[in-house]
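Notes follow the structure.
Numbering (our numbering), first residue to last: 7 to 97.
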């Protein structure tokens, strides 16, 4: 149902596509780390510890906040540029 709207949004903002792929990699790494912790795996003589999920949630929410602020800033810049072009063409 929302596939077309998401496609349009991602095509309009390609940086969100990169951010989403980064989130997938981050979540995959967290799943591997959690599985290694649960299986008591040892790497280089030390047991793998757990990584708190709060770190993951904070990283994702902070990245999204920064990206939305960038999108808002870019949109505002485009509006200002359009207004300047209209003023120049009116002269």
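C-beta atoms are modelled at their ideal positions from N, C-alpha and C, and glycine is treated no differently.
Does residue i come out as helix, strand or coil in the three-state DSSP assignment?
i: residue 50; result: coil
i: residue 78; result: helix
With a cut-off of 8 Å on the beta carbons, I'd call residue i and residue j a contact; round off their distance for me.
i: residue 66; j: residue 29; result: 6 Å
i: residue 40; j: residue 46; result: Not confirmed; about 12 Å, so no contact.
i: residue 19; j: residue 77; result: 6 Å
i: residue 73; j: residue 21; result: 6 Å
i: residue 62; j: residue 36; result: 6 Å
i: residue 25; j: residue 69; result: 6 Å
Taking the alpha carbon of residue i as the reference point, which residue from the options has its own alpha carbon closest?
i: residue 60; options: 33, 43, 79, 80; result: 33
i: residue 57; options: 50, 44, 84; result: 44
Next on the checklist: If we require 4 or more residues per run, which alpha helix (DSSP H) segments fall completely within the region 8–72?
Outcome noted: 9–18, 20–44
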